[in-house]
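Structure record follows, encoded as C-alpha cells.
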Amino acid sequence: MNNQIQNNGVERLTSMEKVQAGLAQRYAKERRFRRLGLAAVMTGLLFIALLLGSIVSNGYSAFWQTEVQLEVQLEQADIDPEVSRDPEVLSVADYGGLVKRSLRNTFPEVKGRRDKRKLYEMVSSGAAFQLQDMVMANPDLIGSTVKLWVPADDDIDMLVKGHIDRSKPESERRVKDQQLEWLDELTSQGRIRSAFNTIFFTAGDSREPELAGIWGAAVGSMFTLLVTLCLSFPIGVAAAVYLEEFAPVNRWTDLIEVNINNLAAVPSIVFGLLGLAVFINFFGLPRSAPVVGGLVLTLMTLPTIIIASRAALKSVPPSIREAALGLGASRMQMVFHHVLPLAMPGMLTGTIIGMAQALGESAPLLMIGMVAFIVDIPGSITDPSTVMPVQIYLWADSPERAFVERTSAAIMLLLGFLVSMNALAVILRKKFERRW
Amino acid sequence: MDTIIESSSVGLIKPGVIEPIKVEVQNTISRDDRTTVGEAFVDDPRMTLRNVNVFYGAEQAIMDVSLDIGKRQVVAMIGPSGCGKSTFLRCINRMNDTIDGCRVTGDIKLDGEDIYHPDLDVVSLRSRIGMVFQKPNPFPKSIYDNVAYGPRIHGIATNKTDMDEIVVTSLTKAGLWNEVKDRLDQPGTGLSGGQQQRLCIARAIAVNPEIVLMDEPCSALDPIATAKIEELIDELREQYTIAIVTHSMQQAARVSQRTAYFHLGDLIEIGDTDQIFTNPRHPLTEDYITGRFG
Amino acid sequence: MSPTTLILTLAALSLFGFWLGRQRSIVVARGKLKDLHSLPVYYGYYTALWCGIPAFLIWCLWLALETVIIPDLVVAALPSKLRDVSPDHLTLIVNDIKNLVTGNIVSSNVDPAIQVAADHYQHLLNISHMALAVVVLTLAIAGAVLAWKSIKLTRRARNAVEGTVKVFLVASSTIAIFTTVGIVLSVLFESMRFFDSVPITNFIFGLDWSPQMAIREDQVGSSGAFGAVPLFAGTLLISFIAMLVAVPVGLMSAIYLSEYAGPKLRAMAKPILEILAGIPTVVYGFFAALTVAPFIRNSGGLLGLDVSSESALAAGLVMGIMIIPFVSSLSDDVINAVPQSMRDGSYGLGATKSETIRLVIIPAALPGIVGGVLLAISRAIGETMIVVMAAGLSANLTANPLQAVTTVTVQIVTLLVGDQEFDSPKTLAAFALGLMLFITTLVLNVIALHVVRKYREQYE
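Protein chains in written order, with the numbering used here: chain C, 5 to 440; chain Y, 12 to 305; chain G, -17 to 442.
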C-alpha cells in the first residue's frame, strides 16, 4: 500500500510536468485555430462587402440621368399643315427632324454631314418620342416654341457622371472632342442638368441605355410570382397537410418524402428543361409568358413550401389535436379549424421565402424563352415578358458602359425587393412565434 | 458497510469545537435555519472550499457553502433535485466556465492553490481533477482512442508503448479490461451503458488525476451496472480522492465516507456518512433521509 | 364569352350554389338544425362543389384540347401549296397564323392565304368558346340543381365535402412524384432521340465538343462533335475551385460562430452571412464577370501569367462565395446536433477548445458535414447563371484554372436559348446534358440526404 502511494506520487509529478510542458504549445495552437475561424468569418463578411460595394458603387448613379434642354419650334407646317388636329396626322409628323433642327439652331456653326450627325448623337433618340407625346397630349402647343428637357445620349450621360475619362486621347473614348466642346457650351448655358431617372422606373427594355427601364421586367416578375403564389401556396399547404395529418406511414408516402427532399436539391435549370419539354412543347402554352414561368417556378418552390409547412404543422402540439377530436370534431374539422390556423404563420413564412427564391431565379426562365427582348409592358399572364433577374442577365451582356450602371441599379432594386420579402418573413415569424 | 465504518473512524478526526454544539442543538434547530451543521472541515484536506457562491445570471444557485475534501476519501453530495449539488461539483474543476452567464465567487483551493486565480491554467487544472458525467458520454471513437484521448492531448505518453500501457492500466483499474481487451478498436459507443460509464471512468483516470468528480454516474444505469460502478468507486478510493453527486441515499451510504446534504443551494449538513444516515442533526436532513420529500 | 369571363361566371355561380344549398338545408330541417346530418354550411359547400367542379374540369380539358384540335383543323383547311412543306415550316406558318389572330407582329407581309387561315382560326376559336360557355354553364346549373334536389335530412354532406377535400389533398401531395416523373420523361425522351443520331459512347467518352451542325452540306468547320468530356471536366474543375473556397471558409465560420463567437458577434454575423444565400445567382454572375474576372486577369498579368478573361478561377471563386452560407448553415446544424455531453467529456479531461473541436466535435459531426458537402457539390454542379455569365463557351479540356472552360449548364443554356429546332441533334444534345446533370445531382442528393438523415437519427 505504502509502496504504491510512493509510485503514484512520482508518476503524478512527472505527468503533471508533462502537461505543464506542453501547455504553451497547445495554447499557441488554440490561438491559431481561433484566429483561423475569425478569419473565415471575416472572409465571408468581406465578400459581402465587396459584392454589395461593387454593385452599389457601379449602380447608384443610374438613379440620375443627364438631361439636355432643347428649344423646339413647333411649326404648324411641319407637324399639321392642314390644321386637322387629327391624331393620325400628329403621330406621323417628323419629330426627329424638329429635334435635329433645334440642335442645329443651337450650334449654327456646325456644318458637314458627319459633324451634324455627331451633334444629333448628343441627345437620345427618345427625345423625338417625348416631343411627340407632348404634342399629342396638347395640340395647342403647335405653332409655339417649347423648351423641354430630354435625356442626353448614354455616352454623354456617362461622361457627365465621370465614367468616361476626358483626358484620354480622342481615339480611345466614345465622346469626341467636338462633342466635348458642345457639351461645355451647353453646360455654360445651363442647359445640362442631372434629374431623377424616371424612365428607369417606368419604361420597358430598350436598346438605348438611356431609354431602358426596369418596369417591364418588374411587371413580368409580378405576373410570374402571382401565378406561382396562386398555385404553389394552396398546393404546398395541401400537400403538407396531407403528409403530416392524414397520410398513412407506408412506402408510397416514403416515396413522396424522398421525392420532395430530392426535388429541393435538383438544379433549377432542370426544371427549365421540364417546362420547355412539357408546358411548351407538349401542352403548347405560349413561349415567354409569365404563366409558363409561374408554372415552372411553382414546381421549383413547392418543395420549399411543403418542407416549411410540414415543420409548422409539426410544431403544433398534439394536445390541440386531441382536444379537438375529443370534442367530436372530424379529422378534417380538427385540421382546418385548429391546426391550420396555428400553423399558418409558419406556412406563410415558408411561402414568402419560397417566393423570394422564385423572384431571384433566372436559369429555368431562360429555357422557356423569357429571355426575349421585350419593349412593351406586359398586360396579362399570357403576354410575352421577361423578369427582373433575366433583365439583369440581358443588360449584363450588353457592351455599353451605361448598361453596367443600369444593371447594377436593377440589382439594387431586386435586392431591395428580396430584403423586404425576407424581412417580412422574419417579422411574421417573430410576431406569431409561439412557444408551447 | 465495513469499509465505511473503518475509514470514518480512521480518516476523520472530528474537531472538538463542534462536538458539544451538536448534542444541544440537535432537537432545537428550526427548519428555516440554513447554517451548516456538522463537521465541514477536516485535517490535512486535499481541497478547501470557502464561502462559495454560484450565480446563473441574477439567480443564485449556491449560497455561501464551505467544506473540505479530505485525501483518499469519497465525499458524497446528496439532496433533492435542483438543490445545486451538481452545480457545486462543477465548480471544483471549473466546468462552470463553459456555461454562459455562470459566475462563481469564493475561495476554492487545491493543495493550497487557488483554482480560480487568473494565473491558474484551467487545462492543467482539469488534468488534475477529472470528471465523470451523469450520462455515459464516450466519444464516437474506438475504445482505445477514448482512453488515449486525455494522455494524447496532454502529451503524457510520448510513444506507442507508453500509451498502450496507460490504456491497459486505466481499463484494468476501471474493471473493464477483461471485457474489452479483444475489441479495443471498436467504437466505444457500441458498449452497454454500464460499460460505457466504466469506459468514461477509465478515460478520466488515464490522465492520472488527483481528484475524480462524479456527477450522478449511475443515474442512467441498471442496478447490476450500478453495483459494479459502486464497487469500482470503492477500489479507486485507494488512489484518488473522489467527490460524488448522487440522488440515491443508499448509494451515498454504500460508497462514501463523508456525506454533505444540500437543500436549495444551501449546504445544510455535512459529516460522517454513518452519522448522517443514522443520526441526522438538522430536521431538513432528517426529513430527506426519512423520505418525507426528495 | 372568353374563357376568363367564363371561369369568373362559374365562380359566381358556385357562390350562389353555396347560398342555395345552405338555405335549402335550413328549409328542409324546418328550423330544427339538429335533425340535419351535417351543419348547413356543409350543404352549401356540397352544392357549390357539384356546381363548380365538373364544370371546371370540363373547362380545363376543353382549353387543353382546343390548342391541339383547332390548329389541326386550320392546317387541314390550308391550301395544299402551304400544307405540303416540311413540318418545321408548317409550325412556322401555324405560328404566323396564331400571331395574326392575337394581333402580334408577324414575320413577313401577310400572305392572303394565311390571312384567310387566320380568319378561319378566329372563327373556329369563337365557335369553340361559345360551345364551351354553353357546355360549362349547363353543367354548372345541372350540378347545382341535382345537388339542391338531393338535400335531405339524412344526406351526409359533410362526409362528401371532406371526401372531396381529401382528394385535393392527396392530389397535391403527389405533385412531387409527377414532377420527378415529368423531369425524367422529358429529358429521357429527347435524350433517346439524341442518342439515335449520336452514339451514347461518343457522347460520354468523346473528347471533342463543337455542337455546330452544318446547315449546308459543304459548310466548313462544323462537323458537329458531341463529346461531352470537356464539359464534364470543366464542370468538375469549377466545382472543385468552388469547394476549395466554400468548404474551409464555410466550415470554419460555422465552427467559429457556434463555438467561439460571443452572442453579439453571432447575432450580427450569422444573418449577414445568410444574406449571401439570398442573393440571386444572376447577381453573383454579374459580380464575377464585372469585378472578379478582370481583377484576376489583371493580377495574373502583373505576375506575368496569361489569364483568360473568362477564367475558370473567377467563376469557381464566385461560385464558392455563393456556396459559403450553404456549407456554413449545414455545418452549423450538424455541429449543434453534437450533444453537449461530448464537449463536457472533452473539457472535463482538460482539452482546450480547439482540441475538443478538432478531435471530438468534427469527428462526431463528420458524416453530417460530408453529407452537407455533397449537397454543396451537387449545387455547384447544377449552378447555371454564374457560369453562363463568367465562364466561357470554349470547350477546353484542361486542368488549368486560369484558362476558360465551359460547363454542362452553360452548354444547355447556349443550345436552348434562341431559335430551336426540335429535331436537330444540337437542340437535343441539351436534353442529353440535362439527363447527365439530373442523374449526377440525383445520386449526390440521395446519398447526401441519406447520410445526413442517418447522422441525425444517431443523436436523436
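Positions of the beta carbon are idealized from the N, C-alpha and C atoms, including for glycine.
Quick caveat: nothing in here was measured; it's all calculated off a predicted structure.
Short CB-CB distance (under 8 Å) between residue i and chain Y
{"i": "P345 (chain G)", "result": "yes"}
{"i": "L27 (chain C)", "result": "yes"}
{"i": "L239 (chain G)", "result": "no"}
{"i": "R441 (chain C)", "result": "As displayed, chain C neither begins before 5 nor continues past 440, which places residue 441 (chain C) out of reach and without an answer."}
{"i": "V289 (chain G)", "result": "no"}
{"i": "R325 (chain C)", "result": "no"}
{"i": "V352 (chain G)", "result": "no"}
{"i": "L410 (chain G)", "result": "no"}
C-beta neighbour in chain G for residue i, strict 8 Å
{"i": "I24 (chain Y)", "result": "Any reading at I24 (chain Y) is ruled out, since the residue's pLDDT is 40, under 50, leaving its predicted position unreliable."}
{"i": "S181 (chain Y)", "result": "no"}
{"i": "G141 (chain Y)", "result": "yes"}
{"i": "V218 (chain Y)", "result": "yes"}
{"i": "C229 (chain Y)", "result": "no"}
{"i": "T411 (chain C)", "result": "yes"}
{"i": "K33 (chain C)", "result": "yes"}
{"i": "R61 (chain Y)", "result": "no"}
{"i": "S366 (chain C)", "result": "yes"}
Cβ separation of residue i and residue j, assumed to be a contact under 8 Å, to the nearest whole Å
{"i": "A100 (chain G)", "j": "V83 (chain G)", "result": "5 Å"}
{"i": "G220 (chain C)", "j": "I381 (chain C)", "result": "5 Å"}
{"i": "I310 (chain C)", "j": "I372 (chain C)", "result": "In fact, because the Cβ distance is near 23 Å, the residues do not count as touching under 8 Å."}
{"i": "I178 (chain Y)", "j": "V191 (chain Y)", "result": "In the sequence under discussion, the amino acid at residue 178 (chain Y) is Val, which differs from the Ile named in the question. That pair is no contact at about 10 Å."}
{"i": "A316 (chain C)", "j": "L229 (chain C)", "result": "Not confirmed; about 21 Å, so no contact."}
{"i": "A346 (chain G)", "j": "V320 (chain G)", "result": "5 Å"}
Below-8 Å beta-carbon distance, residue i vs any chain C residue
{"i": "V134 (chain Y)", "result": "yes"}
{"i": "N81 (chain G)", "result": "no"}
{"i": "R65 (chain G)", "result": "no"}
{"i": "E439 (chain G)", "result": "no"}
{"i": "S138 (chain Y)", "result": "yes"}
As assigned by DSSP and simplified to three states, the class of residue i
{"i": "E75 (chain C)", "result": "strand"}
{"i": "E35 (chain Y)", "result": "Any answer about E35 (chain Y) is weak, because its pLDDT of 41 lies below 50 and its placement is not dependable; what the coordinates show is given next. E35 (chain Y): helix per DSSP, three-state reduction."}
{"i": "Q69 (chain C)", "result": "strand"}
{"i": "H128 (chain Y)", "result": "coil"}
{"i": "H274 (chain Y)", "result": "strand"}
{"i": "Y251 (chain Y)", "result": "coil"}
{"i": "I140 (chain Y)", "result": "strand"}
{"i": "Q71 (chain Y)", "result": "strand"}
{"i": "T169 (chain Y)", "result": "coil"}
{"i": "A196 (chain G)", "result": "Low per-residue confidence applies at A196 (chain G): pLDDT is 49, beneath 50, and the placement is therefore not dependable enough to give any value."}
Beta-carbon spacing of residue i, residue j below 8 Å
{"i": "S95 (chain C)", "j": "Q136 (chain C)", "result": "yes"}
{"i": "G353 (chain G)", "j": "V434 (chain G)", "result": "yes"}
{"i": "A430 (chain G)", "j": "L356 (chain G)", "result": "yes"}
{"i": "P388 (chain C)", "j": "A244 (chain C)", "result": "no"}
{"i": "S168 (chain G)", "j": "P407 (chain G)", "result": "no"}
{"i": "V375 (chain C)", "j": "T390 (chain C)", "result": "yes"}
{"i": "Y160 (chain Y)", "j": "L331 (chain G)", "result": "yes"}
{"i": "E172 (chain G)", "j": "M336 (chain C)", "result": "no"}
{"i": "A254 (chain Y)", "j": "I103 (chain Y)", "result": "yes"}
For this session: Name, going along the chain, the residues of the region 322 to 333 of chain G whose beta-carbon falls closer than 8 Å to a beta-carbon of chain Y.
Result: Residues passing the 8 Å Cβ filter: S323, M324, R325, D326, G327, S328, Y329, G330, L331, G332 and A333.
Problem set entry | Contact set between the region 150 to 169 of chain Y and chain G, restricted to residues whose Cβ is under 7 Å from the partner | The residues in question are F150, P151, K152, Y160, G161, I164 and H165.
Exercise. Using a beta-carbon distance cut-off of less than 7 Å, what residues from the region 88 to 113 of chain Y approach chain C?
Worked result: none
Exercise. In chain order, what residues of the region 397 to 408 of chain C put their CB closer than 7 Å to some CB of chain G?
Worked result: Y397, A400 and V408
Exercise. Which residues, in chain order, does the region 231 to 256 of chain G contribute to contact with chain C at a C-beta distance below 7 Å?
Worked result: Within the region 231 to 256 of chain G, the residues whose Cβ lies closer than 7 Å to some Cβ of chain C are V231, M234, S235, I237, Y238, L239, Y242, A251, I254 and L255, listed in chain order.
Exercise. Got a sec: which bits of the region 51 to 65 of chain C sit with their beta carbon under 8 Å from any beta carbon on chain G, in order along the chain?
Worked result: F51, I52, L54, L55, S58, I59 and N62
For this session: Check distances from the C-beta atoms of the region 160 to 183 of chain G to those of chain C and list, in chain order, the residues that come in under 7 Å.
Result: Per Cβ criterion, the list reads T161, T162, G164, I165, S168, V169 and E172.
Exercise. Going along the chain, which residues of the region 267 to 278 of chain G sit with their C-beta nearer than 8 Å to a C-beta in chain C?
Worked result: G267, F268, F269, A271, L272 and T273
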